[in-house]
Amino acid sequence: MLRIEYLYALIAVLLACTAIYNLRERRYTIAAFWLILGVPFAFGDAILAATRAGSAWPAQAAGAAVIALGLLAAGGRLSAEPDSAEAAARRRVCADRLGNRLFWPALAIPLLTLLLFFGGGHLSWNGRPLLDPKALTLSALAIASLIALAAALRVTRAAPLEALGEGRRLIDALGWAVLLPMVLATLGGVFAATGVGGAVADLIGRVIPTDNRYACLLAFALGMVFFTVVMGNAFAAFPVMMAGIGLPLLIHRHGADPAILGAVGMLTGYCGTLLTPMAANFNIVPAVLLELPDQHAVIRAQAGTALPLMVFNVVLMAWLVFP
Amino acid sequence: MPESTVVNYWPLLGIAVVVAGFALRRNPVLVVVIAGIVSGLAAGFGPGELLGVLGTAFVENRALLMFLLTLPAIGLLERYGLRERARDWIAGFRGMNLSRFQIAYLAVRQLTSMAGLTHVAGHAQTVRPLAAPMSEAAAERELGPLTPAERDRVRATTAATDNIGLFFGEDVFVAIGAVLLIQGFFARNGIVLEPLTIALWALPTALAAFAIHATRLWLFRRALRRGRQTAGAADAAD
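Protein sequences, first through last, are from chains A and B.
Going by our numbering, 149 is the number at position 149 of the first sequence; the sequence numbering is gapless.
Going by our numbering, 367 is the number at position 44 of the second sequence; the sequence numbering is gapless.
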């Protein structure tokens, strides 16, 4: 079986190559950053297996790596290389020469992901599934990317090293923004382990007028948005606010419908995701990828949709959720 | 919550660290790492235990970077003129304009997410190489060459459209993280729900998100055109 671990190992190789490019240019901080980030991808499974087997040091070393990455990130800046006129002219010539053939490898990524997602579960080798059934989407995306790369090399007749260099250029442009979702998810794990959710729930229960169901609902909705903004992820906010207000007050005390409260409450959190730089993969990464001078430009473009939608969600819940 | 348990409020300092770091505009990665350390120490974790929790959680979330594998192919195609070609292609469409293209992209992104195909599109996979240059070309069909400020707004709006389509489509799909997370939370607390019921209640918001954002995209195109007209009038008055 093509285990998802092998695909993670490829990411480790890609990160190591990016580090080597930077080393050769004497950019030591960013080189160290990519090299360390490669470690959980190269040894991720081994680290988790060691933890299960009772050996603590590999996970602790990974924890030390997280701290090192945080310190290295603080020294880095996000910037895209300025485009040169000759590169633009060269692209123009290539675009006219290659025409629509350029589209196929690019479209192969979404189309093959789709195909492998639906068909990949049936592929087997010697009676064993070819793709990891527990990580089908991610395997599909990774394999689609590799096939697209082969197709792109064929269409452009470029040397494979050129593709590596271009990948490195984009990874370098992303810089620390690439890491933020991972450390935020890590923070979510730490918060869960340290009982932050329970403490928040306890505190909110003391502050709001719990007899008024609309006050509880408003506190729930705004809490979802606030925690999503802080944690960059509605998934982290949901258990906290549900355990704190949703379940004890809205559902048990005021008889709210759990399906509506859960679904619309989560989507209210998503409105917070549209507003926060902490959701770097959605809000900061595209600003870097699109070479926007204002890192918050995407958030600005989203606020006008997020705020009315938040109001819509609160009104919808107030209208439907109570019996 | 039973009266006998004493709640330890100190781990909440981690949230305060995130808010303070954000207000002071420190590097978010560093802020988040420090918040984790503070929260762990406040909860009474020893250094070894804390490092272990940090490391395990970090490794468990490495799937978030799988999209890096798309970058060599995308970067190579861009070097050979993919974005230029995408622009030409849209510019050749009769009747194409900025809001039509962006609303169509929103609809496709939302519908594919509803089918669970969240990784089909994205900022690295489709927005940078295809959707952003196509939006620019669609705008240029009406307005001619864009100023840098206009171009940046068009790009930011395209990225926003991708996010909104993704977020408010994926919750309608049964087998995706959000629905299963909600269902799992309730199941642990003794409330049994069918994932489909939860997914269906995501529909009204999905429709509202489409209506609100599509309206804004339409207004955005109008605002760009009006901006040009007033700029043109000002030039003529000089």
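Each residue gets a CB set at the ideal place from its N, CA and C atoms; glycine is no exception.
{"Query": "DSSP state of B/W524 mapped onto helix, strand, coil", "Result": "coil"}
{"Query": "Secondary structure, alpha helix (DSSP H): runs of 4+ residues fully inside the segment 477-549 of chain B", "Result": "500-511, 518-523"}
{"Query": "Between the CA atoms of B/V495 and A/A192 - distance to the nearest angstrom", "Result": "27 Å"}
{"Query": "Chain A residues whose Cβ lies nearer than 7 Å to that of B/P452", "Result": "A106"}
{"Query": "Residue from B/L377, B/A365, B/L392 whose Cα sits closest to the Cα of A/L10", "Result": "B/L392"}
{"Query": "Ordered list of alpha helix (DSSP H) runs contained in the segment 57-142 of chain A, each at least 4 residues", "Result": "57-75, 85-98, 103-119"}
{"Query": "B/G445 - DSSP class collapsed to helix/strand/coil", "Result": "coil"}
{"Query": "Contacting residues, own chain, Cβ-Cβ under 6 Å from B/A529 (five flanking each side not counted)", "Result": "F491, V495"}
{"Query": "CA nearest to the CA of B/T379, picked from A/A89, A/Y270, A/V183", "Result": "A/V183"}
{"Query": "Near-chain B residues of the segment 175-191 of chain A - C-beta to any C-beta below 9 Å", "Result": "W176, A177, V178, L179, L180, P181, M182, V183, L184, A185, T186, L187, G188, G189, V190, F191"}
{"Query": "Between the CA atoms of A/P258 and A/L250 - distance to the nearest angstrom", "Result": "9 Å"}
{"Query": "Cα-Cα separation, A/L290 to A/R213", "Result": "45 Å"}
{"Query": "Neighbourhood of B/N341 by C-beta, 8 Å cutoff - its chain only, sequence neighbours within 5 removed", "Result": "It should be pointed out that residue 341 of chain B corresponds to Val in this sequence rather than to Asn. Answer for B/V341: V354, V355, A358, listed in chain order."}
{"Query": "Candidates A/A263, A/T113, A/G175: closest to B/A522 by CA position", "Result": "A/A263"}
{"Query": "Status (buried if at least 16 other CB within 10 Å, exposed otherwise) for A/A151", "Result": "buried"}
{"Query": "Neighbouring residues, chain A, relative to B/R548 (Cβ below 7 Å)", "Result": "Here the premise fails: no neighbours, minimum Cβ distance about 18 Å."}
{"Query": "C-beta neighbour in chain A for B/I413, strict 9 Å", "Result": "no"}
{"Query": "Contact set for A/L274: own chain, Cβ-Cβ below 6 Å, skip 5 residues either direction", "Result": "Q302, A306"}
{"Query": "Neighbour-count burial assignment, B/S327, 16 or more Cβ in a 10 Å radius", "Result": "Reliability fails at B/S327, whose pLDDT of 42 lies under 50, so the model's placement of it is uncertain and no value is given."}
{"Query": "Start and end residues, alpha helix (DSSP H) containing A/V13", "Result": "4-24"}
{"Query": "CA-to-CA distance, A/I20 to A/M266, given in whole angstroms", "Result": "42 Å"}
{"Query": "For B/Q425, the first and last residue of its enclosing alpha helix (DSSP H)", "Result": "421-437"}
{"Query": "Exposed unless 16 or more other CB atoms sit within 10 angstroms - verdict on A/N126", "Result": "exposed"}
{"Query": "Short CB-CB distance (under 9 Å) between A/M266 and chain B", "Result": "yes"}
{"Query": "Which of helix, strand or coil DSSP assigns to A/E162", "Result": "helix"}
{"Query": "C-alpha distance - B/M324 paired with B/I360, whole-angstrom precision", "Result": "For B/M324, the predicted structure reports a pLDDT of 41, less than 50, and the residue's modelled location is therefore unreliable. A value from the coordinates is still provided. In a straight line, the C-alpha of B/M324 is about 27 Å away from that of B/I360."}
{"Query": "The segment 393-410 of chain B touching the segment 91-103 of chain A, judged by at least three CB pairs closer than 8 Å", "Result": "yes"}
{"Query": "Through-space distance from B/I413 to A/L111, alpha-carbon basis", "Result": "20 Å"}
{"Query": "Within-9 Å CB hit, A/Y21 to chain B", "Result": "no"}
{"Query": "Minimum length 4: unbroken alpha helix (DSSP H) runs contained in the segment 190-255 of chain A", "Result": "196-207, 213-231, 234-241"}
{"Query": "Cβ-Cβ distance between A/A62 and A/A42 below 9 Å", "Result": "no"}
{"Query": "Proximity below 9 Å, CB of B/G398 to CB of A/G167", "Result": "yes"}
{"Query": "C-beta atoms of A/L136 and A/L114 nearer than 9 Å", "Result": "no"}
{"Query": "Positions along the segment 388-404 of chain B whose CB lies within less than 8 Å of some CB in chain A", "Result": "L388, M389, F390, L391, L392, T393, L394, P395, A396, I397, G398, L399, L400, E401, R402, Y403, G404"}
{"Query": "Straight-line Cα distance separating A/G272 from A/F235", "Result": "11 Å"}
{"Query": "Cutoff 6 Å; reference A/N281; Cβ partners in own chain excluding five residues on either side", "Result": "P181"}
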